[in-house]
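Reading through the structure tokens given below for one structure.
Protein chains: 2
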Amino acid sequence: MVQDLLDKNSHIPIYIQIEEIIKQRIYLEEYKIGENIPSERELSTQFDVSRMTVRQSITNLVNSGLLYREKGRGTYVANPKLEQPLKGLTSFTEDMRARGMEPSSKVLRFEKIVPPVDIARDLMLEPSEEVFFVVRIRSADSKPMAIERTYIPVKIYPELDEKKIMGSLYALIEAKFHQKIGNAIQQMEAAIVLKEDSKFLQINHTAPVLIIKRTSYLSDGIPFELVRSTYRADRYKFISEIKR
Amino acid sequence: MVQDLLDKNSHIPIYIQIEEIIKQRIYLEEYKIGENIPSERELSTQFDVSRMTVRQSITNLVNSGLLYREKGRGTYVANPKLEQPLKGLTSFTEDMRARGMEPSSKVLRFEKIVPPVDIARDLMLEPSEEVFFVVRIRSADSKPMAIERTYIPVKIYPELDEKKIMGSLYALIEAKFHQKIGNAIQQMEAAIVLKEDSKFLQINHTAPVLIIKRTSYLSDGIPFELVRSTYRADRYKFISEIKR
DNA sequence: GCATATAATTGGTATAGACAACTATACCGA
DNA sequence: TCGGTATAGTTGTCTATACCAATTATATGC
Numbered sequence: 001m002v003q004d005l006l007d008k009n010s011h012i013p014i015y016i017q018i019e020e021i022i023k024q025r026i027y028l029e030e031y032k033i034g035e036n037i038p039s040e041r042e043l044s045t046q047f048d049v050s051r052m053t054v055r056q057s058i059t060n061l062v063n064s065g066l067l068y069r070e071k072g073r074g075t076y077v078a079n080p081k082l083e084q085p086l087k088g089l090t091s092f093t094e095d096m097r098a099r100g101m102e103p104s105s106k107v108l109r110f111e112k113i114v115p116p117v118d119i120a121r122d123l124m125l126e127p128s129e130e131v132f133f134v135v136r137i138r139s140a141d142s143k144p145m146a147i148e149r150t151y152i153p154v155k156i157y158p159e160l161d162e163k164k165i166m167g168s169l170y171a172l173i174e175a176k177f178h179q180k181i182g183n184a185i186q187q188m189e190a191a192i193v194l195k196e197d198s199k200f201l202q203i204n205h206t207a208p209v210l211i212i213k214r215t216s217y218l219s220d221g222i223p224f225e226l227v228r229s230t231y232r233a234d235r236y237k238f239i240s241e242i243k244r
Numbered sequence: 245m246v247q248d249l250l251d252k253n254s255h256i257p258i259y260i261q262i263e264e265i266i267k268q269r270i271y272l273e274e275y276k277i278g279e280n281i282p283s284e285r286e287l288s289t290q291f292d293v294s295r296m297t298v299r300q301s302i303t304n305l306v307n308s309g310l311l312y313r314e315k316g317r318g319t320y321v322a323n324p325k326l327e328q329p330l331k332g333l334t335s336f337t338e339d340m341r342a343r344g345m346e347p348s349s350k351v352l353r354f355e356k357i358v359p360p361v362d363i364a365r366d367l368m369l370e371p372s373e374e375v376f377f378v379v380r381i382r383s384a385d386s387k388p389m390a391i392e393r394t395y396i397p398v399k400i401y402p403e404l405d406e407k408k409i410m411g412s413l414y415a416l417i418e419a420k421f422h423q424k425i426g427n428a429i430q431q432m433e434a435a436i437v438l439k440e441d442s443k444f445l446q447i448n449h450t451a452p453v454l455i456i457k458r459t460s461y462l463s464d465g466i467p468f469e470l471v472r473s474t475y476r477a478d479r480y481k482f483i484s485e486i487k488r
């Protein structure tokens, strides 16, 4: 019995504590890559919890790709991926920091407008409803990386101003609605840079760019933000993970 | 009691049957968008199963984004997204059909080679290990859409030949190993087309292209395929979903 | 009429046990 | 040697129950 590792009176659920312990054991190579970890029944006696609780922990680790199960055989430690993609929704700031660069930002425009029809449709707005329109130059290590155009429905966050936009919009939104931020749909395409953008990005006016259009939704499916970013192709690759 | 909807002696697990029924009820607008579905306890008496079984169904539907839960309040039907991205790993064939176009393909090269070092590293191969190297022109509605270069370790599928590659590689692999195919890591970038590719894609030699490099893994984390695709930027957008 | 306490309802966590489906191994008999 | 069978161990599914935590509805008191 090694159940001293668990604090059953903690406010942290037991199944989360067990997840952490298993991750730790994989990291310490107590459980080796390609080999099987102890069976669910054995772990449940080790931790002195029910098998279903252990199952919940393992299910989460399987969903995150760290383990995989084979019926009738056991549960195994998966091979780690070479390059870990960014998980889930991240801001430009987080993205650049994860790449080891120092992000900075400059607001070119901040105003209230009636959006083009295609933007209004994507944000599920009536044609006359207003949005905040923000244009920013995004730099990494003081060199321009992207130009970013953001549309946020005024009705979602009427108090928004040029100062608030500097911080984390996601945190603001999550605090205002008690809902969490759900998911996003992203469109990616290649193009030649627009002439007006080329001078801000400091690239030739025939240079290629990666255009990413992202619509973000609250967990009830209401869209709250549309961002259209134009990245310098010579400085930016987008990395993502696809699950089957 | 409406439990006649369930076949408890079916080989299909009950929680999957319940998932299907709930999806059906959402589609029939018996459960409306934004409104709450019956509580877990009520559903468990409706179907005459335990609450934990209903919970398993609902958990899966929450993970797929169809429902969302709020503690103390209930479980709600989420807003559907405007454009559904392709779920999970898909082949060029599936991708094009989903876009309403008819895919075709032409093999330009099929040979066994020792891969460049960067490819070998991505596929976790020793420097001298061989791979199958396949170059294909991928067309949609008879117009060239992309040029695709695929690397498959010989040791993964030694019997591979030019005929087998025409069908579904994924199905072949899943049959050979009893493992399922796991996930993939994808890199996306914009560039100007290579001169040698421009004539196959029938575009100007200064045209932009979208380059997608994808490494696919078995569920134990072993890579089995690396594909580098060059898409015409004027004909192709990549759409994906990001979960928080 | 309005605040405040209380009860009821909801999803979140956890238990203990049962049987099914599948895999690997050992064993036996032809 | 080959092939079937028994057995033990694994994950997969499902039940019935219990208590906790967050929210909402209701009753109570001023």
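Protein chains in written order, with the working numbering: chain A, 1 to 244; chain B, 245 to 488.
A virtual CB, placed ideally from N, CA and C, is assigned to each residue, including glycine.
Note down, in chain order, all residues in the stretch 10–36 of chain A with a beta-carbon under 9 angstroms from any beta-carbon belonging to chain B. 33, 34
Cβ of residue 223/A within 8 angstroms of Cβ of residue 229/A?
Taking the first sequence and counting its residues from 1, one reaches residue 223/A at position 223. Taking the first sequence and counting its residues from 1, one reaches residue 229/A at position 229. Taking 8 angstroms as the Cβ cut-off, residue 223/A and residue 229/A do not qualify as a contacting pair.
query = Taking only beta-carbon atoms, is residue 395/B less than 8 angstroms away from chain A?
reply = Sequence index remark: in the second sequence, residue 395/B carries index 151 (1-based). Residue 395/B does not count as touching chain A.
By a C-beta neighbour count over all protein chains shown, 10 Å radius and 16 as the cutoff for buried, is residue 383/B buried or exposed? As a first step, residue 383/B must be located in the second sequence, where it is residue number 139. So residue 383/B counts as buried.
inquiry  = Considering only the alpha carbon of each residue, which of 219/A, 204/A, 17/A, 211/A lies closest to residue 184/A?
reply    = Sequence index remark: in the first sequence, residue 184/A carries index 184 (1-based). Checking every option, the nearest Cα to that of residue 184/A belongs to 219/A.
(request) Run through the stretch 289–353 of chain B for me and flag every whole alpha helix (DSSP H) of 4 or more residues, listed as ranges in chain order. (result) 295–307, 336–342
_Short Cβ contact (8 angstroms threshold) for residue 40/A with residue 54/A_ = Here residue 40/A refers to the residue found at position 40 of the first sequence. Here residue 54/A refers to the residue found at position 54 of the first sequence. Cβ distance < 8 angstroms, so residue 40/A and residue 54/A count as in contact.
**Asked** Roughly how far, in whole angstroms, is the beta-carbon of residue 390/B from the beta-carbon of residue 269/B, given that I think they are within contact range, below 8 angstroms?
**Response** In the second sequence, the residue the question calls residue 390/B occupies position 146. In the second sequence, the residue the question calls residue 269/B occupies position 25. With a Cβ gap of about 40 angstroms, residue 390/B and residue 269/B do not count as contacting.
- In chain order, what residues of the same chain have a beta carbon less than 6 angstroms from the beta carbon of residue 82/A, not counting five sequence neighbours either side? As a first step, residue 82/A must be located in the first sequence, where it is residue number 82. Its pLDDT being 48, under 50, residue 82/A is placed unreliably in this model, and the value from its coordinates should be taken loosely. Within the same chain, residue 82/A has no close Cβ partners at all.
query: Per DSSP, what kind of secondary structure is residue 477/B in: helix, strand or coil?
result: Here the question's residue 477/B lines up with position 233 in the second sequence. DSSP places residue 477/B in coil when its eight states are reduced to three.
request  = With a cut-off of 8 angstroms on the beta carbons, I'd call residue 189/A and residue 154/A a contact; round off their distance for me.
outcome  = Within the first sequence, the letter at position 189 stands for residue 189/A. Within the first sequence, the letter at position 154 stands for residue 154/A. No, residue 189/A and residue 154/A are not in contact; Cβ-Cβ is about 28 angstroms, not under 8 angstroms.
Original post:
Whose Cβ in chain A lies nearer than 8 angstroms to the Cβ of residue 463/B?
Top reply: On the second sequence, residue 463/B is found 219 positions in, with the first residue counted as 1. Chain A residues near residue 463/B: 68, 78.
Q) Over what stretch of residues does the beta strand (DSSP E) that includes residue 217/A continue unbroken? A) For this step, residue 217/A is matched to residue 217 along the first sequence. Note, residue 217/A: beta strand (DSSP E), 208–218.
Members of the stretch 438–458 of chain B near chain A, C-beta cut-off 7 angstroms
450, 452, 453, 454
Q | Residues bridged to residue 431/B (per DSSP) | A | What you label residue 431/B is simply residue 187 of the second sequence in a count that begins at 1. Answer is 239/A, 457/B.
Cβ shell of residue 255/B (< 8 angstroms), same chain only, five flanking positions each side left out
Locating residue 255/B in the second sequence gives position 11, counting from the first residue. Nothing meets the Cβ criterion.
Coarse secondary structure for residue 166/A, derived from DSSP in three states: The sequence position of residue 166/A within the first sequence is 166, counting from 1. If DSSP states are grouped into helix, strand and coil, residue 166/A belongs with the helices.
| query | Got a sec: is the Cβ-Cβ distance from residue 483/B to anything in chain A below 8 angstroms? | reply | Taking the second sequence and counting its residues from 1, one reaches residue 483/B at position 239. Yes, its Cβ sits closer than 8 angstroms to a Cβ of chain A.
- Message: Mapping the DSSP letters down to three states, classify residue 143/A as helix, strand or coil.
- Response: Here residue 143/A refers to the residue found at position 143 of the first sequence. Three-state result, residue 143/A: strand.
Fill in: Cα-Cα separation between residue 336/B and residue 206/A, rounded to whole angstroms
Here residue 336/B refers to the residue found at position 92 when the second sequence is read from its first residue. Here residue 206/A refers to the residue found at position 206 when the first sequence is read from its first residue. Spanning the two alpha carbons is a distance of roughly 29 angstroms.
Note to self: If distances are taken between C-alpha atoms only, which option among 379/B, 271/B, 444/B, 400/B comes closest to residue 393/B?
What the structure shows: The residue given as residue 393/B occupies position 149 in the second sequence. Closest option to residue 393/B, Cα to Cα, is 379/B.
- Would a check of beta-carbon distances place residue 433/B closer than 8 angstroms to chain A? Position 189 of the second sequence, counting from 1, holds the residue named residue 433/B. Chain A, which has a Cβ nearer than 8 angstroms to the Cβ of residue 433/B, makes this yes.
Could you check which residue in 69/A, 173/A, 133/A, 142/A has the C-alpha nearest to that of residue 36/A? Within the first sequence, the letter at position 36 stands for residue 36/A. The candidate whose alpha carbon is nearest that of residue 36/A is 69/A.
Next item on the list: Tell me residue 36/A's beta-bridge partners as DSSP assigns them.
Entry: Counting from 1 along the first sequence, the entry for residue 36/A is found at position 36. Residue 36/A pairs with 76/A.
Worksheet entry | Where residue 126/A falls: helix, strand or coil (DSSP) | Locating residue 126/A in the first sequence gives position 126, counting from the first residue. Residue 126/A: coil per DSSP, three-state reduction.
Kindly indicate the opening and closing residues of the alpha helix (DSSP H) around residue 261/B. What you label residue 261/B is simply residue 17 of the second sequence in a count that begins at 1. Taken as a continuous stretch (DSSP letters only), the alpha helix (DSSP H) holding residue 261/B covers 258–271.
task = Would you check if the distance between the CB atom of residue 202/A and the CB atom of residue 144/A is smaller than 8 angstroms?
result = Here residue 202/A refers to the residue found at position 202 of the first sequence. Here residue 144/A refers to the residue found at position 144 of the first sequence. Going by C-beta atoms, residue 202/A is nearer than 8 angstroms to residue 144/A.
Which residues DSSP lists as bridging residue 356/B, in chain order
Translated into the one-based positions of the second sequence, residue 356/B becomes position 112. In the DSSP output, where bridge partners are listed per residue, residue 356/B has 376/B.
| query | Terminal residues of the continuous alpha helix (DSSP H) containing residue 198/A? | reply | Within the first sequence, residue 198/A is the residue found at index 198, counting from 1. Residues 195–201.
Looking at chain B, is there any beta carbon in it that lies within less than 8 angstroms of the beta carbon of residue 186/A? In the first sequence, the residue the question calls residue 186/A occupies position 186. Yes, because at least one Cβ of chain B sits closer than 8 angstroms to the Cβ of residue 186/A.
Flag this pair as yes or no: are the beta carbons of residue 157/A and residue 123/A separated by less than 8 angstroms?
Position 157 of the first sequence holds residue 157/A. Position 123 of the first sequence holds residue 123/A. No, these two residues do not count as a Cβ contact at 8 angstroms.
In chain A, what lies closer than 9 angstroms to residue 477/B by C-beta?
Here residue 477/B corresponds to residue number 233 of the second sequence, with the count starting at 1. Ordered by position in chain A, the residues that pass the 9 angstroms Cβ test against residue 477/B are 189, 190, 191, 192, 208.
Q.
Quick check: the Cα distance between residue 45/A and residue 303/B, rounded to an integer number of angstroms?
A. Start at 1 with the first residue of the first sequence, and residue 45/A comes out as number 45. Start at 1 with the first residue of the second sequence, and residue 303/B comes out as number 59. Rounded to the nearest angstrom, the two C-alpha atoms are 27 angstroms apart.
6 angstroms CB neighbourhood of residue 225/A in its chain, flanking five on each side removed: Locating residue 225/A in the first sequence gives position 225, where the first residue counts as 1. Excluding residues within five positions, the ones whose Cβ falls inside 6 angstroms are 152, 216.
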